[in-house]
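Okay, so the sequence shown: first residue is -9 according to my numbering, each after it adds one.
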Amino acid sequence: MSVPRVVVDTNCLVSALIFSRGKFAWLREAWQARRFVPLASHDTVSELLRVLVYPKFKLTRNEQETLLGEFLPYVETVKIGTTPGGLPDIRDADDIIFLVLAAVAHADALVGGNGDIQAVKSQFHIPILSVAEFADWLQAHPRQPAKKSGHRSPGR
């Protein structure tokens, strides 16, 4: 199997980026070691940028840029054309961007710590995993070196 292509919701990304000793820190290490390729779209990156400026994080502009530098070089960007049909209804409309990205990119998994995303896992054709479930899932996949994906859209 090739390196898994995975959508990670903003809550998990921010936790992995900001809290370097937190329980999600291994996610950052895993994408930087190319154990998986994080997928992103214009909307998901915009959401990440919006969240990084929250006053509660007290991040300077330089710190925000440093954190983005820990993530964006490892991302495969996906251009979203039209929203695919057949997506499950999700309580928080802001979370639809992660389902859309996963569907359009034919992601191997969607990692979400958000209860609203977890609530639709049985209705979505791509596995929706908690961070703990993703750790087990990733462990089950053979380690193969990934090529640096760079910013490209899937050719599927």
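Glycine included, each C-beta is placed from N, C-alpha and C at the ideal position.
Reduced DSSP category for residue i - H, G, I as helix; E, B as strand; rest coil
{"i": "E66", "result": "strand"}
{"i": "L57", "result": "helix"}
{"i": "R(-5)", "result": "strand"}
{"i": "V110", "result": "coil"}
{"i": "P117", "result": "coil"}
{"i": "V35", "result": "helix"}
{"i": "V43", "result": "coil"}
{"i": "A30", "result": "strand"}
{"i": "L89", "result": "helix"}
Cβ-based burial, residue i [other Cβ within 10 Å; buried from 16]
{"i": "Y64", "result": "buried"}
{"i": "V94", "result": "buried"}
{"i": "N52", "result": "exposed"}
{"i": "T73", "result": "exposed"}
{"i": "T56", "result": "exposed"}
{"i": "S31", "result": "buried"}
Anticipated Cβ contact below 8 Å, residue i with residue j, distance rounded
{"i": "L29", "j": "V(-3)", "result": "5 Å"}
{"i": "E66", "j": "V27", "result": "5 Å"}
{"i": "I86", "j": "I80", "result": "6 Å"}
Own chain partners of residue i with C-beta closer than 8 Å, once the 5 adjacent residues on each side are dropped
{"i": "A97", "result": "R(-5), V(-4), V(-3), L29, L91 and I116"}
{"i": "V173", "result": "Since the first residue shown for the chain is -9 and the last is 146, residue 173 is missing from the structure and cannot be characterised."}
{"i": "C2", "result": "F14, L17, V101, G102, G103 and V121"}
{"i": "P45", "result": "none"}
{"i": "Q22", "result": "E60 and Y64"}
Contacting residues, own chain, Cβ-Cβ under 6 Å from residue i (five flanking each side not counted)
{"i": "T0", "result": "E37, L38 and V41"}
{"i": "F114", "result": "P78"}
Cβ neighbours of residue i in the same chain (closer than 7 Å, five flanking residues each side left out)
{"i": "G76", "result": "none"}
{"i": "L7", "result": "R18, L57, E60 and F61"}
Residue i: CB within 7 Å of a non-hydrogen atom of the ligand ATP
{"i": "E53", "result": "What this structure holds is no ligand at all, so the ligand ATP is not there to describe."}
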